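Enquirer: Protein chains in written order, with this note's numbering: chain W, 540 to 792; chain Y, 340 to 563; chain B, 7 to 213; chain R, 106 to 158. All C-beta atoms in this analysis are idealised placements derived from N, C-alpha and C, irrespective of residue type, glycine included. Quantities reported herein were computed from a predicted structural model and do not represent experimental measurements.
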Amino acid sequence: MFLIPNAVVRFFHRMASPPHFYAFTDKVMPWLIIIFVLLTGFGLYGGLYLAPADYQQGDSYRIIYIHVPSAWMSLFIYMVMAISGAIGLVWRIKLAEIVAISSAPIGASFTFIALFTGSLWGKPMWGTWWVWDARLTSELILLFLYLGVIGLYGAIDDKRVASKAVAILALVGVVNIPIIHYSVEWWNTLHQGPTVTKMDKPSIHISMLIPLLLMALSFKFYYLIALIQRIRIELLQRERNAQWVKTKVLEQN
Amino acid sequence: MSLFYAFLAIIKRDLLLAVRRRTEIANPLLFFILVITLFPLGIGAQPHLLQAIAPGIIWVSALLAAMLSLDSLFRSDFDDGSLEQILLSPYPTSILVLAKIIAHWLVTGLPLLIVAPLLAVFLGMPTQSLGVLLLTLLLGTPVLSLIGAIGVALTVGLRRGGMILSLLVLPLYVPVLIFAGNAVEMAGSGLPVDAQINILISMLCLSLVLAPWPTAAALKMSVN
Amino acid sequence: MKNNIISRLQGQDLSCVRDDRILFEALNFELNVGQVLLLEGENGSGKTSLLRILCGFREPDAGQVLWCDNAINDSQYYDDMAYVGHLDGVKKELTVLENLKVSLALGQSGHYSIPQALAKVQLTNFDDALVQSLSAGQKRRLSLARLLITKKTLWILDEPFTSLDKQGISLIESLMTEHCKAGGMIILTSHHDIALPNVDVQRILLS
Amino acid sequence: MSLEQFLSMGGYGFYVWTSYGVTFLVLLANIIIPIMQRKQFFVKASKKQRQSL
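(1) Using CA atoms only, rank isn't needed, just tell me which of W:A673, W:S609, W:G693 is closest to V127 of chain R.
(2) Can you tell me whether Y344 of chain Y is buried or exposed? The criterion is at least 16 other CB atoms within 10 Å of its CB, across all chains shown.
(3) Taking the C-alpha atoms as reference points, what is the distance between W611 of chain W and S599 of chain W?
(4) I'd like the span of the alpha helix (DSSP H) that includes T195 of chain B, first residue to last.
(5) Taking I503 of chain Y as the query, report the chain W residues whose CB atoms sit under 7 Å from its CB, ordered along the chain.
(6) By Cβ distance, which residues of its chain are closer than 8 Å to Y604 of chain W, with the 5 residues on each side in sequence left out?
(7) Would D214 of chain B be called buried (16 or more neighbouring beta carbons within 10 Å of its own) or exposed?
(8) Would you kindly work out how many angstroms separate the C-alpha atoms of P644 of chain W and Y685 of chain W, rounded to a whole number?
(9) Quick check on DSSP: helix, strand or coil for Q596 of chain W?
(10) With a threshold of 8 Å, are at least 3 pairs of Cβ atoms found where one atom belongs to the stretch 477-495 of chain Y and the other to the stretch 528-546 of chain Y?
(11) Exposed or buried, what is Q156 of chain R when buried is set at 16 or more other beta-carbons lying within 10 Å of its beta-carbon?
(12) Scan the stretch 421-434 of chain Y for residues whose Cβ lies nearer than 9 Å to a Cβ of chain B and list them as they occur along the chain.
(13) Rounded to whole angstroms, what is the Cα-Cα separation between S561 of chain Y and G690 of chain W?
(14) Which chain B residues sit within Cβ distance under 9 Å of L493 of chain Y?
(15) With a threshold of 8 Å on Cβ separation, who are the neighbours of K559 of chain Y within its own chain once the five nearest residues in sequence on each side are excluded?
(16) Suppose the cutoff is 6 Å on Cβ atoms and the five residues either side in sequence are ignored; what does the same chain contact list for Q16 of chain B look like?
(17) Using DSSP bridges, identify the partner residues of M87 of chain B.
(18) Excluding sequence positions up to five away, which residues of its chain have a Cβ less than 7 Å from the Cβ of R24 of chain B?
(19) I believe L409 of chain Y touches L516 of chain Y by the beta-carbon criterion, under 8 Å. Please report the beta-carbon distance rounded to the nearest angstrom.
(20) On the DSSP bridge list, what partners appear for R771 of chain W?
(21) At a Cβ cut of 8 Å, what residues of the stretch 759-778 of chain W count as close to chain R, listed as they run along the chain?
(22) Give the interface partners of V562 of chain Y over in chain B, defined as CB-CB distance under 7 Å, in chain order.
(23) Determine, using beta carbons only, whether V735 of chain W comes closer than 8 Å to chain Y.
(24) Please confirm if G687 of chain W has its CB atom under 8 Å from at least one CB of chain Y.
(25) Residues in the stretch 111-125 of chain B with C-beta within 7 Å of chain Y's C-beta atoms, listed in sequence order?
(26) Give me the chain R residues within the contact set of G646 of chain W, using Cβ-Cβ distance strictly less than 8 Å, ordered along the chain.
(27) Comparing C-alpha positions only, which one of Y:W444, Y:S541, Y:L356, Y:T362 sits nearest to F518 of chain Y?
(28) By the criterion of Cβ-Cβ separation under 9 Å, what are the contact partners of L356 of chain Y in chain B?
(29) Who are the Cβ neighbours of G470 of chain Y in its own chain at under 8 Å, not counting the five residues just before and after it?
(30) With 8 Å set as the bound, which would you pick, yes or no: does the beta-carbon of N727 of chain W sit closer than that to a beta-carbon of chain B?
(31) Going by beta carbon distance, what residues of the same chain come within less than 8 Å of L766 of chain W, once the five residues before and after it are set aside?
(32) How many whole angstroms separate the CB atoms of K698 of chain W and R631 of chain W, which I take to be in contact at a CB cut-off of 8 Å?
(33) DSSP on A401 of chain Y, reduced to helix/strand/coil?
(34) What are the residues that DSSP puts in a beta bridge with P447 of chain Y?
(35) The beta strand (DSSP E) with W73 of chain B in it runs from where to where?
(36) Residue ranges of each alpha helix (DSSP H) run of no fewer than 4 residues wholly in the stretch 103-166 of chain B, ordered along the chain?
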């Protein structure tokens, strides 16, 4: 605590209080949207138009600009969920609990996108919609983990209890993800067909890499935007009896 | 010392209860046998085909049997208030929970080992893989009980926890299934399986140490 | 009694909200050795919720519970407290004796041995009986016998008199009086009036 | 490069544009659903407030 400047500590303390956080998000939202639009615009322009076609895969590889960032996001969001869940469990910070559960549907969406685009990419490359490829399989299991979190949260009526349950489950999941990942990878090397290598490690040119990184960054900003939207409704619903929500409601009329 | 005494008392109590109830032992076992008999009926009784997929069938059935038996782990204690009493004990809940899991495994997991050779013969599995099958079951089913305990602890307070339990638990069972199934398959073709067995051992150690904590935390949350 | 710390239970500024309804707010109390705290109120007024907060099962929405000036989630508290709730917490497939042995293993042994405790709650000849063959009142008395065989300062009792007859009620009352005289303390909810002569009874009315 | 060429994506247009389309829809839904929920919340809450006044 001594190493952290006082101003930073004060900032986090204020952010942990719901009305302050709500007001703060109102202020930053336009900026987040601007950055997101710019990043996505440049990323897509670079990826779909400027970057050359792949010498092996032709233009079909352009799915990479959403497939790979989505796959990254699916793992990243699970980490965020587990970490904020742990913070919520240990320090009883309401906002951390809400971040954890609000992340789950967004993470599940990215996992779904990674699977769906992976399948669409696989069709022209492998000739079939689904291959039990290591990465696709772990992604599928990750989707089940997300659905478990969402399902558990929905099944428990008391939302404070439910967020605790979600935090425990997310932590258990986070310990298991590497184990699942490596076991699936190991399993895959034993059963792998010869066609799969075609998609492995396309020697990526710099003009292909830059749009990929831009898209990865843009997805991070999208996550922030979507997360804030979900946090807001969750905050309003949980604090519906608090004075600040009541005044907010009055302002809306 | 008194913690050890409490640990033993819980195991003894749960074993005694299982003996008095009986169906608790029989149900997962019958389920295990039934599911395995369904496979030849469903996919045809060609000996080659059955032999090839026997390790997978046995392990998937064991997985499902383990999952179905999970509900009885905390259900009756939750319903009659004994769970509250266990949580209020001054001893660490995770240790007491571990005792319950061990007793539960003795009652529901161990019997699977006894019938597994019989079923392996049903499916025409080569005899040299029988030993490995038993070894993987011995190492793998406790892991299933330990991981499953986290899932039941999270859902025991819910009126309809069954469906959600399988969603929570089955994805976490994947590594055990992969390594155990593969070890049996490899043993069938006479290949060494040391690596798989070592991994299963480390999974067992890891889950023995780690799983009781979230289980205890989840139980505290469930009784709220 | 133990480490020269005088046992004391404090509730500070407790509040509990359930489904949009504030059950209680800014509730303060202090309970010392030899005292009884009686919680009164209609059904759904939050009595059971308060007891479950005191057991550590539920977190209060605000405030804290202190035992000997420490927060209750350290193990010292659970050495000293016992809870008898709506549910008996006994296994119906086990005998009376087997149930009590498990309870004893989960705590430290107290003033009474198991036969003595059974005699106290008038279940002497039932030690080999399966709990499922007992009447509701006998089960209640059995769960109260649990309190006697372990060494607990604080008893938390949720409606201890339900399904007991007049004689059973006066039996429990005498046990409670004895416990307070011996340096214990009790928190209970009850619909009945309790008669505890010479015991300091505090009352909290929840509405 | 003509627009037609761009859209055909070297013959992989269906796969590429379906991917991008579905991604867009899913991501859009993730923004719109909470906003709708918030609107609904305010409608309900203000109704409740008026009732209690």
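Expert: Checking against the coordinates, here is how it stands:
(1) W:S609
(2) exposed
(3) 20 Å
(4) Looking at the DSSP string, T195 of chain B is not in any alpha helix (DSSP H); the run it does join, the beta strand (DSSP E), is 191-195.
(5) G690, L691, A694
(6) G582, L583, G586, L587, P750, L751, M754
(7) Outside the displayed span of chain B (7 to 213) sits residue 214 of chain B, for which this structure offers no information.
(8) 8 Å
(9) coil
(10) yes
(11) exposed
(12) S421, L422, E423, Q424, I425, L426, L427, S428, P429, Y430, P431
(13) 16 Å
(14) Those do not exist, as L493 of chain Y stays about 16 Å from chain B at its closest Cβ, beyond 9 Å.
(15) L426, T432
(16) E36, L72
(17) B:L160
(18) S55
(19) Rounded, the Cβ-Cβ distance is 16 Å, inconsistent with contact.
(20) Per DSSP, none; premise fails for R771 of chain W.
(21) Y761, I764, A765, Q768, R769, R771, I772, L775, Q776
(22) F63
(23) Any reading at V735 of chain W must be qualified, since the residue scores a pLDDT of 40, below 50, and its modelled position is unreliable; no value is offered.
(24) yes
(25) A111, L112, G113
(26) Chain R residues near G646 of chain W: none, gap ~10 Å exceeds 8 Å.
(27) Y:S541
(28) K97, E99, L100
(29) A526
(30) no
(31) V638, S641, S642, I645
(32) That belief does not hold up - the Cβ atoms of K698 of chain W and R631 of chain W are roughly 14 Å apart, past 8 Å.
(33) helix
(34) Residue identity check: residue 447 of chain Y is Thr in the sequence provided, not Pro. Per DSSP, none; premise fails for T447 of chain Y.
(35) 68-73
(36) 120-126, 142-155
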